[in-house]
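Below is one structure; the comments refer to it alone.
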Amino acid sequence: MRRSSKPMAKPEPGLTLVGGGRMGSALAGGWIQSGYDGPISIHDPNPSDQLKNWQADGKIALNPAPEPAGILVVAVKPQIFPTILDSIKAHVGPETLVLSTMAGITLDGLAEKLGTKRVARAMPNTPGLIGKGMTLLCLPQGASDGDAADLRALLTPLGDVEGPIPEDKLSAATAISGCGPAYGFLLAEVMAAAGVAHGLDKDMALRLAKKTVEGAGALMMASDEPPSKLRENVTSPGGVTKAALDVLMREDAMPSLMVEAVEAAIKRDRELSGD
Ligand SMILES: NC(=O)c1ccc[n+]([C@@H]2O[C@H](COP(=O)([O-])OP(=O)(O)OC[C@H]3O[C@@H](n4cnc5c(N)ncnc54)[C@H](OP(=O)(O)O)[C@@H]3O)[C@@H](O)[C@H]2O)c1
0 MRRSSKPMAK PEPGLTLVGG GRMGSALAGG WIQSGYDGPI SIHDPNPSDQ LKNWQADGKI
60 ALNPAPEPAG ILVVAVKPQI FPTILDSIKA HVGPETLVLS TMAGITLDGL AEKLGTKRVA
120 RAMPNTPGLI GKGMTLLCLP QGASDGDAAD LRALLTPLGD VEGPIPEDKL SAATAISGCG
180 PAYGFLLAEV MAAAGVAHGL DKDMALRLAK KTVEGAGALM MASDEPPSKL RENVTSPGGV
240 TKAALDVLMR EDAMPSLMVE AVEAAIKRDR ELSGD
């Protein structure tokens, strides 16, 4: 990704984003902040105030006449993709590299519908909206290292980027990092509910659960130890945490439930992708 403090005025195919919603705006905000030095165009039929402000400040062109992009990022809901195919194709030329964040539309599907083999997929997750995400990147076999590097750089505003990973691993990876934030939210939710069931005030129980999930995550990332070791470190033999973990880790509980849950997510992802 090109970085410079120079104004963006290059008369060359630039970076075009179709879909300036939550994910698209999180990406575009990062590009603007990090000083992407080519032209950025954003297409959205109902632009948010943020998009309008970026346009007023000369940071983006909002809904300009379509032309082939250098890089085209498609961040619309997958359901509307077939209905706006013609307008998306207007941004695709022979040199355009297309990156889609749409779930369930395969590389082959993108290539066929858009008439180019230079396609890629990204599967972000919700924490990407605050720059704390994990985004999976998937490119076709034979894609160049340059394309991979450019796309990784484009996705860094969302947080970490994993890949390129093979497309046949995308469903499993999505079941971990794509769906995973919901597992984390569920953990905080059920911890708080258990506190309430044992007499804690609802708001306090939620504060305790949220901060604990956040703190455990932060400690895990700050530590060189694997999560299993960190767990053992806070589990004294015969102690209070051990009593709880003996329930959570019994044969039919969390570890096997998680395997089953991930399996269900993979199955559904493949169904939605038409595999
Ligand atoms: N948010 C996440 O955490 C997340 C995670 C993984 C993958 N994704 C994927 O990323 C994509 C975007 O998700 P999102 O959460 O950012 O959705 P979103 O907030 O609904 O953004 C989509 C945007 O596209 C706009 N749009 C509708 N029709 C359009 C058109 N013809 N041309 C250009 N833009 C159009 C929508 O406008 P209107 O609102 O007016 O319809 C909206 O602003 C989806 O494919 C989603 O599956 C998102």
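Going by numbering that gives the first Met the number 0, the first residue of the sequence shown is number 0, and it counts up by one from there.
By construction, the Cβ of each residue, glycine as well, lies at the ideal position given by its N, Cα and C atoms.
Beta-carbon gap between residue i and residue j smaller than 8 Å
| i | j | result |
| --- | --- | --- |
| V261 | I129 | no |
| M122 | L106 | no |
| L75 | V97 | The residue you asked about is not Leu; residue 75 is Val in the sequence shown. Not in contact: V75 and V97 (Cβ atoms no closer than 8 Å). |
| A264 | C137 | no |
| M133 | G158 | yes |
| D56 | G19 | no |
| A27 | I41 | yes |
| F80 | I59 | no |
| G29 | T234 | no |
| P65 | A89 | yes |
| A68 | T100 | no |
| L61 | V91 | no |
| V212 | L186 | yes |
| P139 | A102 | no |
| G23 | L16 | yes |
| V195 | A204 | yes |
| L218 | L207 | no |
| I70 | L153 | yes |
| V258 | A252 | no |
| P163 | A148 | no |
Limits of the beta strand (DSSP E) - the one that residue i falls within
| i | result |
| --- | --- |
| R120 | 118-122 |
| V160 | 158-161 |
| L16 | 14-17 |
| L256 | Premise fails: L256 lies in the alpha helix (DSSP H), 253-271, not in any beta strand (DSSP E). |
| L135 | 132-137 |
beta-carbon residue i near ligand 1 non-hydrogen atom, thresh 7 Å
| i | result |
| --- | --- |
| H42 | yes |
| T155 | no |
| A102 | yes |
| G20 | yes |
| S86 | yes |
| K76 | yes |
| M122 | yes |
| T105 | no |
| T15 | no |
| G37 | no |
| I128 | According to the sequence as given, residue 128 is Leu; it is not Ile. Yes - ligand 1 has a heavy atom lying nearer than 7 Å to the Cβ of L128. |
| G23 | yes |
| K52 | The sequence shown places Asn at residue 52, rather than the Lys named in the question. Not under cutoff, so the answer is no. |
| N45 | yes |
| T284 | A question about residue 284 goes unanswered here, because the residues of the chain that appear run from 0 up to 274. |
| G177 | yes |
| I70 | no |
| I79 | yes |
| I83 | yes |
Residue interval of the alpha helix (DSSP H) (run including residue i)
| i | result |
| --- | --- |
| L199 | It is not in any alpha helix (DSSP H) - L199 carries neither H nor E in the DSSP assignment. |
| L106 | 106-113 |
| K228 | 226-232 |
| R151 | 144-154 |
| A172 | 169-172 |
| A102 | From DSSP, A102 is part of no alpha helix (DSSP H); its letter is neither H nor E. |
| D245 | 239-247 |
Whole runs of the alpha helix (DSSP H) within the stretch 28-99, excluding any shorter than 4 residues: Positions of the alpha helix (DSSP H) runs, each at least 4 residues long and wholly inside the stretch 28-99, are given as 48-55, 84-88 in order along the chain.
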